[in-house]
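Participant: Numbering (full-length UniProt numbering), first residue to last: 1 to 302. Take a look at the following structure, please.
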Amino acid sequence: MEIRQLTYFLAAVETQNFRKAAELCYVAQSALSRQIAALEQELGVELFERKNKRIFLTPAGHEFAAYARQALEQLQQGQLSMARLQGEFSGTLRIACIEPLLSTLLYSLATHFHQQYPHIYLDVRVALTDEILTLVEQGEIDVGFLFDPLVRPELLVVQELFREPLQLLVPAQHPLTRVPAEEITIERIVSEPLLLLRSTFRLRRIIDRVLLQRGIAVQPIIEIDAVEGLKQLVRHGVGISLVTAAFVPVEQRDDGLAILPIVDVVEEFLFAITYRRVGPLPAVARRFVEMVLDSKLRLQGN
């Protein structure tokens, strides 16, 4: 059994299409099909049912997929550990990050990494979560920072960094900053002028769902496609908004903004790092991922 066979298999599991799986793995469809057939022969079971040019996982395929994921994750951890044993690093590290985490997380991580490895060039791209997943999956980006991804592609590791609930963002002198915490409810919030990101943002879709569950129609007075622009509008008293704490660095809360808990919203949402399970992940990217995860463990231990 070969690593590439597991990779091809999981790509087919994700796409449910040999052609698309081959495109993800940068191989010819015929080569991918042969390797999966060889894997099935070695295991002595059919992993896919082939019907009308479509493929479907068999019960055995469903069960084997869990083992394949575990095997590739273990290999990835081994690659990360070996990166520590290497000497001087050089080259380019390609990172994609959602806008809110640029100032609250990536700035400090990138600064620390550059101090340790000054010969590595950092190429940072700002994108939305769905776009980042695609970029990492296709090998155009090495590492991505995400917000609450809806799907977790089979070829990617999506590892939790932290979780946060929705909170209320208001101007520092807003009357709601002076009311008891138990009075800050969704019903109270939607009676105020509401500013929201556009529906292309994962945060907006979460807000829409939270309000819909309470039978509340979303009627913002302004929609905008920039997080910093949203915060500027709130800072100048145009209205209020819903965010998580990661969207507002601590220093901005001393600069005309306040963030308040919402008493009747307890669900927490995921911030994560993603990278390929196996494949074109350079040593510099492995070392960066290791540093990020090590930083997370140190924070959890404090």
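Idealized CB from N, CA, C, for every residue including glycine.
Take the Cβ of Val179 as the centre, count every other Cβ of all protein chains shown within 10 Å, and call the residue buried at 16 or more, exposed below.
Facilitator: exposed
Participant: Is Leu257 near Ser241, with beta carbons less than 7 Å apart?
Facilitator: no
Participant: Tell me, to the nearest whole angstrom, how far the beta carbon of Pro165 is from that of Thr244; I am working on the premise that it is less than 8 Å.
Facilitator: 7 Å
Participant: With a 10 Å radius around its C-beta and 16 neighbouring C-beta atoms as the bar for buried, classify Ser191 as buried or exposed.
Facilitator: exposed
Participant: Can you give me the start and stop residues for the alpha helix (DSSP H) that Gly229 sits inside?
Facilitator: Val227 to Arg235 is the extent of the alpha helix (DSSP H) around Gly229.
Participant: Return the bridge partner residues of Ser241 from the DSSP annotation.
Facilitator: Secondary-structure assignment with DSSP links Ser241 through a beta bridge to Leu169.
Participant: Taking DSSP's pairing of strands, which residues face Tyr121 in a bridge?
Facilitator: Thr92
Participant: So, using beta-carbon positions, are Ala283 and Thr104 closer together than 7 Å?
Facilitator: Going by C-beta atoms, Ala283 is not nearer than 7 Å to Thr104.
Participant: Determine, for Tyr121, whether the minimum Cβ-Cβ distance to residues of chain D falls below 7 Å.
Facilitator: This model lacks chain D altogether; it includes just one protein chain.
Participant: Going straight from the alpha carbon of Ile186 to that of Val265, what length do you get?
Facilitator: 8 Å
Participant: Should Arg286 go down as buried or exposed, given a rule of 16 or more other Cβ atoms within 10 Å for buried?
Facilitator: Buried.
Participant: In three-state terms, what does DSSP make of residue 315?
Facilitator: Past the edges of the chain, shown from 1 to 302, lies residue 315, and the structure says nothing about it.
Participant: Taking the alpha-carbon positions, what's the Glu228 to Gln138 distance?
Facilitator: 29 Å
Participant: Just to confirm, are Ala22 and Leu6 a CB contact at a threshold of 7 Å?
Facilitator: no
Participant: For a minimum of 4 consecutive residues, which ranges assigned as the alpha helix (DSSP H) are wholly contained in the region 3-72?
Facilitator: 3-15, 18-25 and 29-43
Participant: Which of the three DSSP states, helix, strand or coil, is assigned to Thr185?
Facilitator: coil
Participant: Three-state secondary structure (DSSP) at Phe113?
Facilitator: helix
Participant: So what's Pro261 in DSSP terms, helix, strand or just coil?
Facilitator: strand
Participant: Hey, Phe201 and Leu133 are a contact pair by Cβ (cut 8 Å); roughly how many whole angstroms apart?
Facilitator: With 8 Å as the limit, Phe201 and Leu133 do not qualify as a contact, their Cβ atoms being about 15 Å apart.
Participant: Determine the extent of the beta strand (DSSP E) in which Ile98 is found, giving its start and end residues.
Facilitator: That residue, Ile98, is in no beta strand (DSSP E); it is neither H nor E in DSSP.
Participant: Is it buried or exposed, Arg276, if we count other Cβ atoms within 10 angstroms and call 16 or more buried?
Facilitator: buried
Participant: Counting along the chain, where does the beta strand (DSSP E) carrying Glu268 start and finish?
Facilitator: Glu268 to Arg276
Participant: Enumerate in chain order the residues of its own chain whose CB-to-CB distance from Leu72 is below 8 Å, with the five nearest sequence positions on each side excluded.
Facilitator: Ile3, Leu6, Thr7, Leu10, Arg277 and Val278
Participant: What whole-angstrom Cβ distance do Ala96 and Gly144 have, given they're in contact under 8 Å?
Facilitator: 4 Å
Participant: Does the separation of the CB atoms of Thr274 and Val126 fall below 7 Å?
Facilitator: no
Participant: Return yes when at least one heavy atom of the ligand SAH lies under 6 Å from the C-beta of Ile36, else no.
Facilitator: The model depicted lacks the ligand SAH and carries no ligand whatsoever.
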